[in-house]
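Novice: In terms of the numbering used here, the sequence shown has 253 at position 188, counting the first letter as 1, and numbering is strictly consecutive. Here it is, the structure in full.
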Amino acid sequence: MKIKGLSLLFVMCLLALGCKEAKVPLKAIHVTPGSLQLEVQESKYLTAEPEPLDADPGEMPFLWESNNTSVAVVAASGLVRGVLPGKALITVSGRLSTNVVRTVPVTVVNRDVPLVSFKVTPEQVTLEAGQSTQLEVNPEPADATNVTYSWLSDDPNVAAVNGKGLVTGKAEGSTMVSVTAVTVMGNIEKRVKVTVTRSSKIKIGHFSYTVDTLKYEALGEGIQWFKFRIPEFVNGFNTLGKGLEVNVVEVDLNYTDNRVEVWPAALKVGDNRETPSAAYKRTEKAYEIMGRKPVAAINGDFFLLDNNTPKNYAYIRRRPLGMEVSNGMVVQTPYDNNNVAALIIRDDGTPEYTDQVSFSGKVEVGNNSFTLSEVNGFANRGQLVLFNNQANSFASDSAFAWSPYRSTMVSLSYPEGGWRVNDRMEFTVTAIDYDVETTIPAQKPYGGKSFNGEGAILVGSPTSDGLDNGAKRFLSQLKVGDKVGVTTEVKFNNKTVSDKKLNAIGFRGVMLNKGVVINTWNEAHPRTAVGYSKDGKRVYLMVVDGRQTNFSVGATTGHLGDILKSLGAYTGVNLDGGGSSAMVVNGVTANRPSDGSERTVANGMMVVTKK
């Protein structure tokens with residue numbers, strides 16, 4: 066019995082020793098997956114296994130921990146949940162062997178919810194010029210991700226939109242604003258119609274005035290005429306009471322049929338003037354042949370008054386003071402160095418102004434050439450001058466062809482290919498007259514020698530009477546049938562331009578320069594002005610009435626600049642005003658001229674479109 070008891074005790078001891086040897090130490094922890102990417106609020110399990118697999122069970126369940134719980138959290142089961150976009154490290158360790166650790170990098174990204182569609186509110190917008198409204202995007206589903214929105218206005222001159230959908234009215238008209246949702250699956254576009262009305266208020270100087278719209282009419286695609294009145298306007302000089310009446314024609318040059326052109330006055334013996342309404346009616350037939358029509362006209366440049374007419378210019382009384390070019394034909398070069406500013410209409414129809422327009426010319430006969438001093442102007446000693454069929458009295462006599470001495474007069478055909486500047490024109494000699502007496506009396510009936518020119522004449526003067534030199538001799542080499550090349554070059558600020566059919570008209574004073582109003586003439590008068598938008602695609606022809614008590618008290622050029630700016634202009638120039646200010650719409654005088662009726666003027670500007 067004693068032996069049996071000892072044996073049992075021995076066995077029990079062996080069993081006890083065997084149990085202690087069964088606790089296998091934990092060497093490592095293996096985690097799958099080795100890294101994890103989650104969307105926000107998405108959960109995934111991490112699975113941890115011990116090495117060796119029979120490691121001490123007391124090490125488990127393992128301990129889980131996140132080093133950045135604002136990005137990802139982990140449960141005791143190893144379930145990891147994304148909280149916010151970012152990065153975190155998940156650590157797993159044994160319960161006893163805390164030095165046995167494995168880390169798993171976790172990246173949390175925004176939840177990828179594809180955009181199905183979206184709505185824009187409001188679906189259409191009407192606002193006044195100068196006002197703004199916010200467009201809101203409502204995505205479907207509301208939590209769609211990875212979407213960016215871009216905004217674009219079809220016509221920023223009517224309504225502009227910023228990168229956040231804020232729409233601002235710029236000028237009266239309609240346009241479309243598009244918003245494009247850009248996603249990895251493709252783009253989705255929505256469009257909103259925006260209508261901008263003219264503001265019921267207008268700021269002139271330091272005051273804001275209520276505006277009453279009197280008339281509005283569409284004259285063609287992209288051309289509108291509106292008349293408005295500012296009842297409480299005062300001119301700042303305490304004269305004539307209150308009120309200002311304004312007529313504006315706005316031309317959208319994005320419609321390529323729309324043009325603004327210079328009209329020269331009709332040919333009259335002893336005069337060079339015409340009312341805008343007469344010019345409108347006179348040109349209707351010519352435009353009709355081309356499938357076009359005038360819709361509006363205004364007066365243009367300042368002109369030479371009778372009491373300021375030098376003797377040598379009696380033949381062209383009331384000529385414009387500045388440069389005049391009409392569709393490529395030079396009608397007049399600047400009268401003097403004080404009248405070199407010009408409003409230009411380029412070949413593509415866009416306007417601009419230059420502080421200094423200059424003319425140079427050349428006449429070529431074979432291999433010989435001679436400087437062309439002027440167009441439709443006085444031929445001084447030894448000079449060569451060209452007169453075209455816009456020269457005063459062209460149709461009846463040579464009074465236009467004055468020079469100080471007996472000169473040679475060469476009649477020319479119409480130029481091949483038509484009139485144009487900055488290019489060589491070719492003419493054919495049709496007649497030659499030698500020793501023509503051109504110093505005719507300065508008083509009526511003027512008199513003069515008839516000639517048979519169809520399109521132009523050249524007048525060449527000698528350096529002294531009786532001599533055969535200078536331009537007189539240069540022309541004397543010609544005979545009927547000869548070809549003559551003529552170049553009339555127009556430069557802006559001494560820079561050569563390529564435009565060949567440009568229009569140009571003189572002006573006096575820039576009252577709106579790149580958005581800045583300048584008061585260049587601090588007197589209240591009737592005014593005529595032309596303005597244009599920053600991109601040159603909108604032109605504003607404006608006439609302000611004046612000198613009429615409690616009807617329209619007149620404006621300074623500063624007032625004029627404020628009004629143009631409120632309409633959407635970025636730049637504006639001052640044309641002849643006073644009794645000359647007139648606007649014609651559809652052949653009818655639209656304003657109330659201060660003289661009681663339209664004054665005859667030297668030239669003007671006309672709005673033309675397709676018939």
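C-beta: ideal position from N, C-alpha, C; glycine also.
(1) Does the segment 481-488 come close enough to the segment 529-544 that 3 or more CB-CB pairs lie under 8 Å?
(2) Per DSSP, what kind of secondary structure is K346 in: helix, strand or coil?
(3) Enumerate, from N- to C-terminal direction, the unbroken beta strand (DSSP E) stretches of 3 or more residues contained entirely within the segment 211-243.
(4) Which partner residues does V311 have in the DSSP bridge list?
(5) Measuring alpha carbon to alpha carbon, tell me which of G661, V396, K556, V562 ends up nearest N591.
(6) Find out if the Cβ-Cβ distance for the pair Q289, V314 is shorter than 9 Å.
(7) Can you give, in chain order, each stretch of the beta strand (DSSP E) that sits fully within the segment 422-461 and has at least 3 residues?
(8) Could you name the residues that DSSP lists as bridge partners for Q397?
(9) Going by DSSP, what residues sit across from Q542 in a beta bridge?
(10) Would V105 pass as an interface residue toward chain C - the criterion being a Cβ-Cβ separation below 9 Å?
(11) Could you give the first and the last residue of the continuous beta strand (DSSP E) run that contains H95?
(12) So which of T233, E297, V247, S273 has the shortest CA-CA distance to V202?
(13) Do you know how far the Cα of E188 is from the Cα of M576?
(14) For V76, collect the residues of the same chain with a Cβ closer than 6 Å to its Cβ; drop the 5 residues on either side in sequence, then sort them by chain order.
(15) Note down the Cα distance separating I94 from A137, rounded to an integer number of angstroms.
(16) Are the beta-carbon atoms belonging to A331 and R573 less than 9 Å from one another?
(17) Where do the N-terminal and C-terminal ends of the beta strand (DSSP E) with L577 fall, by residue?
(18) For G151, name the three-state secondary structure that DSSP assigns.
(19) Which two residues bound the contiguous beta strand (DSSP E) that contains T679?
(20) With distance defined between alpha-carbon atoms, name the residue in P179, A224, V422 nearest to T213.
(21) Go ahead and pull the three-state DSSP assignment for T168.
(22) For the beta strand (DSSP E) holding S108, just list the boundary residues, first then last.
(23) Between the alpha carbons of G642 and V440, how many angstroms are there, rounded?
(24) Can you give me the C-alpha to C-alpha distance between L386 and G365, rounded to a whole angstrom?
(25) Quick one: what's H590 bridged to in DSSP?
(26) Is the segment 278-285 close to the segment 207-223, with three or more CB pairs under 8 Å?
(27) Would DSSP call N143 helix, strand or coil?
(28) To the nearest angstrom, report how far apart E389 and N568 are at their CA atoms.
(29) Taking C-beta to C-beta, are V428 and V551 nearer than 9 Å?
(30) Buried or exposed: where does F302 fall if 16 or more other Cβ atoms within 10 Å of its Cβ makes it buried?
(31) In the DSSP assignment, find the beta strand (DSSP E) that holds Q102 and state where it starts and stops.
(32) Sort out for me which residues DSSP pairs R653 with in a bridge.
(33) Hey, out of N433, P658, V653, N323, whose CA is closest to Y345's CA?
(34) Just verifying my parser: in three-state terms, what is the DSSP assignment at I583?
(35) Per DSSP, what are the beta-bridge partners of T473 in this structure?
(36) Note down the Cα distance separating E349 from T665, rounded to an integer number of angstroms.
Specialist: According to the data block:
(1) Touching, no, given that fewer than three Cβ pairs across the two stretches are closer than 8 Å.
(2) By one-based count along the sequence shown, residue 346 stands at place 281. In the structure shown, K346 adopts helical secondary structure according to DSSP, grouped into three states.
(3) Counting only runs of 3 or more, we get 213-218, 224-226, 231-234.
(4) Within the sequence shown, residue 311 is the residue found at index 246, counting from 1. Per DSSP, F293, V609.
(5) Sequence index remark: in the sequence shown, residue 591 carries index 526 (1-based). Correcting the residue type first, residue 591 is Pro in the shown sequence and not Asn. Measuring C-alpha to C-alpha distances from P591 to each of G661, V396, K556, V562 identifies G661 as the nearest.
(6) The sequence position of residue 289 within the sequence shown is 224, counting from 1. The sequence position of residue 314 within the sequence shown is 249, counting from 1. Between Q289 and V314, the CB-CB gap stays under 9 Å.
(7) For the segment 422-461, the full-length beta strand (DSSP E) segments reaching 3 residues or more read 422-430, 433-440, 449-453 along the chain.
(8) Working through the sequence shown from its first residue, we reach residue 397 at position 332. Answer is E389, bridged to Q397.
(9) Position 477 of the sequence shown, counted from the first residue, corresponds to residue 542. For Q542, which the question treats as bridged, DSSP gives no partner whatsoever.
(10) Looking at the structure shown, chain C is missing, and only one protein chain is on hand.
(11) On the sequence shown, residue 95 is found 30 positions in, with the first residue counted as 1. DSSP places H95 in the uninterrupted beta strand (DSSP E) bounded by 93-97.
(12) Translated into the one-based positions of the sequence shown, residue 202 becomes position 137. Nearest C-alpha to V202: V247.
(13) On the sequence shown, position 511 is the one that residue 576 refers to. On the sequence shown, position 123 is the one that residue 188 refers to. Rounded to whole angstroms, M576 and E188 show a C-alpha spacing of 39 Å.
(14) Residue 76 sits at position 11 when you count from the first residue of the sequence shown. Confidence is the limiting factor: at V76 the pLDDT is only 44, short of 50, which leaves the residue's position unreliable, though a coordinate-based value still follows. Closer than 6 Å at Cβ, skipping near neighbours: no residue.
(15) As a working note, residue 94 is residue 29 in the sequence shown. As a working note, residue 137 is residue 72 in the sequence shown. The straight-line gap from Cα to Cα measures roughly 21 Å.
(16) Stepping through the sequence shown from its first residue, residue 331 is reached at position 266. Stepping through the sequence shown from its first residue, residue 573 is reached at position 508. Taking 9 Å as the Cβ cut-off, A331 and R573 do not qualify as a contacting pair.
(17) The count along the sequence shown starts at 1 and reaches residue 577 at position 512. Per DSSP, L577 belongs to the beta strand (DSSP E) from 575-578.
(18) Numbered from 1 along the sequence shown, position 86 holds the residue referred to as residue 151. When DSSP states are grouped into helix, strand and coil, G151 belongs to the strand group.
(19) Since the first residue of the chain shown is 66 and the last is 676, residue 679 is not available in this structure.
(20) Reading the sequence shown from its first residue, position 148 is the one you call residue 213. Here the closest residue by C-alpha is P179.
(21) Taking the sequence shown and counting its residues from 1, the one referred to as residue 168 is at position 103. Note: T168 maps to strand in three-state DSSP.
(22) As a first step, residue 108 must be located in the sequence shown, where it is residue number 43. Counted as a single uninterrupted DSSP element, the beta strand (DSSP E) harbouring S108 occupies residues 108-110.
(23) Locating residue 642 in the sequence shown gives position 577, where the first residue counts as 1. Locating residue 440 in the sequence shown gives position 375, where the first residue counts as 1. So the two alpha carbons sit approximately 26 Å from each other.
(24) On the sequence shown, residue 386 is found 321 positions in, with the first residue counted as 1. On the sequence shown, residue 365 is found 300 positions in, with the first residue counted as 1. Rounded to whole angstroms, L386 and G365 show a C-alpha spacing of 11 Å.
(25) Position 525 of the sequence shown, counted from the first residue, corresponds to residue 590. Answer is A620.
(26) The segment 278-285 makes no contact with the segment 207-223; the number of CB pairs closer than 8 Å stays below 3.
(27) The residue you call residue 143 lines up with position 78 of the sequence shown. The question names Asn, yet the displayed sequence has Gly at residue 143. In the three-state reduction of the DSSP assignment, G143 falls in the coil class.
(28) Locating residue 389 in the sequence shown gives position 324, where the first residue counts as 1. Locating residue 568 in the sequence shown gives position 503, where the first residue counts as 1. In this model, E389 and N568 are separated by some 7 Å (Cα to Cα).
(29) Mapped onto the sequence shown, residue 428 falls at position 363. Mapped onto the sequence shown, residue 551 falls at position 486. Result yes, Cβ atoms of V428 and V551 sit closer than 9 Å.
(30) To locate residue 302, count along the sequence shown from 1; it is residue 237. When all chains shown are included, F302 counts as exposed.
(31) The residue labelled residue 102 in the question sits at position 37 within the sequence shown. Its beta strand (DSSP E) spans residues 101-104.
(32) The residue you call residue 653 lines up with position 588 of the sequence shown. With the sequence shown as reference, residue 653 is identified as Val, and Arg is not the correct amino acid for it. V650, per the DSSP bridge assignment.
(33) Looking up residue 345 in the sequence shown gives position 280. Minimum Cα distance to Y345 is reached at V653.
(34) Along the sequence shown, one-based indexing puts residue 583 at 518. The answer is coil: DSSP assigns I583 none of H, G, I, E or B.
(35) By one-based count along the sequence shown, residue 473 stands at place 408. Beta-bridge pairing links T473 to G525.
(36) For the purposes of this step, residue 349 is identified with residue 284 of the sequence shown, where counting begins at 1. For the purposes of this step, residue 665 is identified with residue 600 of the sequence shown, where counting begins at 1. Going by the C-alpha atoms only, they are around 18 Å apart.
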